[in-house]
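First the structure, in the form of structure tokens, and then the observations on it.
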Amino acid sequence: MGNGRQTEQSMSLLEDVEVVLKFRKMTKTICFCFLTLIFFGLLFISETTSVFASETEQIRIISTNDIHSYLRPIYYRYLDEFKPWGAQSREGDYLNKAEIEGKIGGMAHVATMIKKLRAEKPGKNLLLDAGDTWHGAGLSLFDKGVSMVKIMNAIGYDVMTPGNWEFLYPKDHFLDLVDQANFPVIAYNLTDREWEEPVLDQYVVKKVGNLKVAMIGLTYPWTALTSAITGAAKWFKFGIKEEEARNLIADIRKNENPDLIVFVSHGGYGLDQKFAQRVDGIDIYLSGHTHDEVFDPVVWNDTIIFQGGAHGKYVVSLDVDVKDKKIQNFDYRLLKIRQDQIEPDPEIEKLIEEAYEPYKKQLSEVVGQTKVMLHRRDYFQSSMGNLLTDAMRDSQKTDIAFFPAWRYGATMMPGKITAEDVYNIVPTDGHIFTYSMGGKGLKSLLENILGS
21 MGNGRQTEQS MSLLEDVEVV LKFRKMTKTI CFCFLTLIFF GLLFISETTS
71 VFASETEQIR IISTNDIHSY LRPIYYRYLD EFKPWGAQSR EGDYLNKAEI
121 EGKIGGMAHV ATMIKKLRAE KPGKNLLLDA GDTWHGAGLS LFDKGVSMVK
171 IMNAIGYDVM TPGNWEFLYP KDHFLDLVDQ ANFPVIAYNL TDREWEEPVL
221 DQYVVKKVGN LKVAMIGLTY PWTALTSAIT GAAKWFKFGI KEEEARNLIA
271 DIRKNENPDL IVFVSHGGYG LDQKFAQRVD GIDIYLSGHT HDEVFDPVVW
321 NDTIIFQGGA HGKYVVSLDV DVKDKKIQNF DYRLLKIRQD QIEPDPEIEK
371 LIEEAYEPYK KQLSEVVGQT KVMLHRRDYF QSSMGNLLTD AMRDSQKTDI
421 AFFPAWRYGA TMMPGKITAE DVYNIVPTDG HIFTYSMGGK GLKSLLENIL
471 GS
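Remember, my numbering sits 20 above the position in the sequence shown when you count from 1.
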């Protein structure tokens, strides 16, 4: 046995070793606990991130369609049944209404409304246009749509789909206007005739806030029948191309993984509703072409479909709540652009004055006067339609006259008629054709028109 001092030293050393071993065990335990906390912490963060990612996000869609280059406010009487004036909106009532409300529309006033809507949802909005925007008013016969593109650039549009009226311009000028635009002009159903290759981008994807939005363009499928005599349409192919749309939507869902798919269409409200019923995967559907003032959008096949009138008379605001790539709720408004309620935007007002300046003399020339209101009511009989066809019969010495039932033409109030008023009614350089027709052929023609 050793002596007592060595024994004490040995015991002390054993105690020290035991303390060290306990400390090491404690350290391992602490390390294990720390790693466990890190693991569960990361798991919590991952779960929390997942929760945050699936929270509801909101986006505001702001849209216009069928402005037809009406830069200035206009009087416009439409179908009698449209609210708020209802069935009493006859001529006398309309004159009273026009006196109370003043003119409506005008791009400077439209711009003010758009700025207001954007300011309410900063960084969470898209501004779209569904076509027939660069052609259709008196000014566009002179400046060929250039001023309208400049104004859209200044307002800051995000995307546009061309309508059939854009294709009334020659091919090179149409493509030049597309190049002048600071925003994508899209259409999946537009190809060149020779190679059937896309003329424009078929779609565009844009990040809006925390949402990824894909927008697909559909131009008027029958443009080749309506705008091909002198314009760009004769160089292109159109069509509905339903199966191509399905494939494109599937590719976008797979490759782009968007939160929303928005159709920007110039198909017409009837066709667009049918299209949404037949083609899955479209969340929001902006319609154009038929000038329908849709106060309450319809929902087909989980697709919200709407249209905002024409001539800048209205701006659409659609607020959508999105969660897990599904629309949860939406709030839709069709906002009337009343000149007596909305101030013009100074920048856009200046651009409008600059656009008119070179043609002021021609457009402001007084060419006549009217004692009654002249208006157009789509395919229905109207004072403006009767005046046009009577003038054609008188000038050509015919028994009957036909004139296209266009959906526009600013209403003329009693008073002076200017050259611009006339150009607004007939915004083309078309010609009058005369020919002989028997009663049987005339009956067949009328039945075909009514049937279509």
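Just so you know, even glycine gets a beta-carbon here, dropped at the ideal spot from N, CA and C.
Could you check if aspartate 279 is buried or exposed, using at least 16 other CB atoms within 10 Å of its CB as the buried criterion?
Locating residue 279 in the sequence shown gives position 259, counting from the first residue. That one is buried.
Have a look at Ala265, Leu338, Leu465, Thr181 and flag the residue whose alpha-carbon is nearest the alpha-carbon of leucine 137.
Indexing the sequence shown from 1 puts residue 137 at position 117. Measuring from the Cα of leucine 137, the nearest candidate turns out to be Leu338.
Would you report the Cα separation of arginine 358 and asparagine 349, rounded to the nearest angstrom?
Within the sequence shown, residue 358 is the residue found at index 338, counting from 1. Within the sequence shown, residue 349 is the residue found at index 329, counting from 1. C-alpha separation (whole angstroms): 29 Å.
Using only the alpha-carbon positions, how far apart do tyrosine 455 and asparagine 85 sit?
Counting from one through the sequence shown, the residue named residue 455 turns up at place 435. Counting from one through the sequence shown, the residue named residue 85 turns up at place 65. The alpha-carbon atoms of tyrosine 455 and asparagine 85 are separated by roughly 36 Å.
Cutting at 8 Å between CB atoms, please list the residues of its own chain near glutamate 75, excluding the five before and the five after it.
Numbered from 1 along the sequence shown, position 55 holds the residue referred to as residue 75. Around glutamate 75: Lys343.
Leucine 238 bridges to which residues according to DSSP?
Here residue 238 refers to the residue found at position 218 when the sequence shown is read from its first residue. DSSP, once it has assigned bridges, lists Ser285 as partnering leucine 238.
Buried or exposed for histidine 88, please, with buried defined as at least 16 other CB atoms from any protein chain shown within 10 angstroms of its CB.
Position 68 of the sequence shown holds residue 88. The residue in question, histidine 88, is buried, as its Cβ has 16 or more Cβ neighbours within 10 Å.
Given a cut-off of 8 Å on the beta-carbon distance, is the pair proline 473 and lysine 391 in contact?
In the structure displayed, the chain extends from 21 to 472; residue 473 sits before or after that span and is not available.
Nearest CA to the CA of aspartate 414: which residue from Asn145, Arg92, Gln389, Ile452?
Sequence index remark: in the sequence shown, residue 414 carries index 394 (1-based). Nearest option by C-alpha distance: Ile452.
Which same chain residues end up closer than 7 Å to valine 219 when comparing Cβ atoms and leaving out the 5 residues on each side of it in sequence?
Counting from one through the sequence shown, the residue named residue 219 turns up at place 199. Closer than 7 Å at Cβ, skipping near neighbours: Leu210, Thr211, Asp212, Phe256.
In the structure shown, what three-state DSSP assignment does tryptophan 320 receive?
Within the sequence shown, residue 320 is the residue found at index 300, counting from 1. Of the three classes helix, strand and coil, the one that applies to tryptophan 320 here is strand, per DSSP.
With DSSP as the reference, label valine 386 as helix, strand or coil.
Numbered from 1 along the sequence shown, position 366 holds the residue referred to as residue 386. Three-state DSSP puts valine 386 in a strand.
When the distance is taken between beta carbons, is glutamine 297 closer than 8 Å to asparagine 275?
The residue given as residue 275 occupies position 255 in the sequence shown. The residue given as residue 297 occupies position 277 in the sequence shown. Result no, Cβ atoms of asparagine 275 and glutamine 297 do not sit closer than 8 Å.
List the whole-angstrom C-beta distance separating methionine 133 from leucine 91, where the pair is believed to meet the contact cut-off of C-beta under 8 Å.
Residue mapping note: residue 133 aligns to position 113 of the sequence shown, counting from 1. Residue mapping note: residue 91 aligns to position 71 of the sequence shown, counting from 1. Contact flag wrong, Cβ pair sits at about 15 Å.
In the structure shown, what three-state DSSP assignment does serine 456 receive?
Position 436 of the sequence shown, counted from the first residue, corresponds to residue 456. Note: serine 456 maps to coil in three-state DSSP.
Near phenylalanine 162, which residues of its chain fall below 8 Å by C-beta distance, leaving aside the five closest residues on each side in sequence?
The residue given as residue 162 occupies position 142 in the sequence shown. Excluding residues within five positions, the ones whose Cβ falls inside 8 Å are Pro378, Tyr379, Gln382, Leu383.
Assuming phenylalanine 178 and leucine 147 make a contact with CB atoms under 8 Å, what is their CB distance in whole Å?
As a working note, residue 178 is residue 158 in the sequence shown. As a working note, residue 147 is residue 127 in the sequence shown. The residue asked about is misnamed: residue 178 is aspartate in this sequence, not phenylalanine. Confirmed, Cβ separation roughly 5 Å.
Specify whether the region 181-190 and the region 113-122 touch according to this definition: at least 3 beta carbon pairs, one from each stretch, less than 8 Å apart.
Result no; under three Cβ-Cβ pairs closer than 8 Å.
Can you list, in chain order, the stretches of the alpha helix (DSSP H) that have 4 or more residues and sit fully within the region 348-435?
List check, alpha helix (DSSP H) in window: 366-376, 380-384, 403-416.
According to DSSP, which residues form a beta bridge with glycine 231?
On the sequence shown, residue 231 is found 211 positions in, with the first residue counted as 1. The amino acid occupying residue 231 in the given sequence is leucine; glycine does not appear at that position. Its beta-bridge partners are Val228.
I'd like to confirm the pairing. Which residues does DSSP put opposite lysine 343 in its beta bridges?
Position 323 of the sequence shown, counted from the first residue, corresponds to residue 343. Per DSSP, Lys346.
Give the DSSP-derived three-state secondary structure of glutamine 297 in the structure shown.
As a working mapping, residue 297 is identified with position 277 in the sequence shown. Of the three classes helix, strand and coil, the one that applies to glutamine 297 here is helix, per DSSP.
Could you tell me which residues DSSP pairs with lysine 257 in its beta bridges?
Position 237 of the sequence shown holds residue 257. Answer by DSSP bridge pairing, in chain order: Thr211.
Nearest to phenylalanine 258 by CA position, among Ile304, Gly125, Leu245, Asn468, is which residue?
Numbered from its first residue, the sequence shown carries residue 258 at position 238. Ranking the options by Cα distance to phenylalanine 258, first place goes to Leu245.
So what does glutamine 78 bridge to, in DSSP terms?
Walking along the sequence shown from the start, residue 78 turns up at place 58. Glutamine 78 pairs with Asp341.
By the three-class DSSP mapping on this structure, what secondary structure does phenylalanine 315 have?
Within the sequence shown, the letter at position 295 stands for residue 315. If DSSP states are grouped into helix, strand and coil, phenylalanine 315 belongs with coil.
For the alpha helix (DSSP H) containing tyrosine 90, list its first residue and its last residue.
Numbered from its first residue, the sequence shown carries residue 90 at position 70. First-last for tyrosine 90: undefined, no H or E at that position.
Three-state secondary structure (DSSP) at isoleucine 175?
Counting from 1 along the sequence shown, the entry for residue 175 is found at position 155. Three-state result, isoleucine 175: helix.
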